[in-house]
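Participant: Dropping a structure here in structure tokens format, bear with me for questions.
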Amino acid sequence: MRVYVYVSSFDPLRLYVFEDGLARFASMKYSSSMKHLANKFMHLTNYSVNKRNADYQANADDTVCQGHKWSLKALWNYMKRQGINTNAIWESMKDLIIKTIIWYEQHL
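Structure (structure tokens):
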């Protein structure tokens with residue numbers, strides 16, 4: 133999942149979270165079996181890796197729930213149809229973003 137954040141100030145902390153982002157999926161179904169540990173198509177979501185897999189599905193429209201790259205809005209819509217509380221997930225993600233930025237500030 134890729135979420136974009138703009139930090140305009142650290143003191144006071146002021147940041148903006150773009151409400152849409154990207155969700156990328158590996159081109160092979162996940163397995164926790166040790167025999168699949170080296171399968172990069174199963175464990176990585178990078179386009180540069182997965183485009184080499186014959187099963188990779190390019191997606192010309194990332195707002196549609198198909199292929200291996202969806203917009204975050206498309207993912208939320210899909211999850212809502214499955215009965216998942218996406219608002220709770222989004223609030224947790226924003227909380228994690230804030231905590232990450234606060235932690236990072238000490239290293240500037």
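Numbering (this note's numbering), first residue to last: 133 to 240. Beta carbons are placed, not taken as given, at the ideal position from N, Cα and C, and that holds for glycine. What you are looking at is a predicted structure, and each value in this text was computed from that prediction instead of being measured.
Could you say which of Met133, Leu228, Ile221 lies nearest to asparagine 178 if we only look at CA atoms?
Facilitator: Ranked by Cα distance from asparagine 178, the first of Met133, Leu228, Ile221 is Met133.
Participant: Under a three-way DSSP split, which group does lysine 167 fall into?
Facilitator: In the structure shown, lysine 167 sits in a helix (DSSP, three-state: H, G or I).
Participant: Mind checking serine 159: buried by the 16 CB within 10 Å criterion, or exposed?
Facilitator: buried
Participant: Helix, strand or coil, according to DSSP, for arginine 156 in the structure here?
Facilitator: Three-state DSSP puts arginine 156 in a strand.
Participant: Let's see if you can read the secondary structure: which residues bound the alpha helix (DSSP H) around lysine 201?
Facilitator: Unbroken run through lysine 201 is the beta strand (DSSP E), 201-203; no alpha helix (DSSP H).
Participant: When we look at the beta-carbon of asparagine 217 and count the other beta-carbons within 10 Å, is it buried (16 or more) or exposed?
Facilitator: exposed
Participant: If you compare alpha carbons, which of Ser180, Ser224, Ile221 is closest to lysine 201?
Facilitator: Ser180
Participant: How far does the alpha helix (DSSP H) with tyrosine 236 in it reach, from first residue to last?
Facilitator: Per DSSP, tyrosine 236 belongs to the alpha helix (DSSP H) from 218-237.
Participant: How is valine 139 classed by DSSP in three states: helix, strand or coil?
Facilitator: Residue state, collapsed to three classes: strand.
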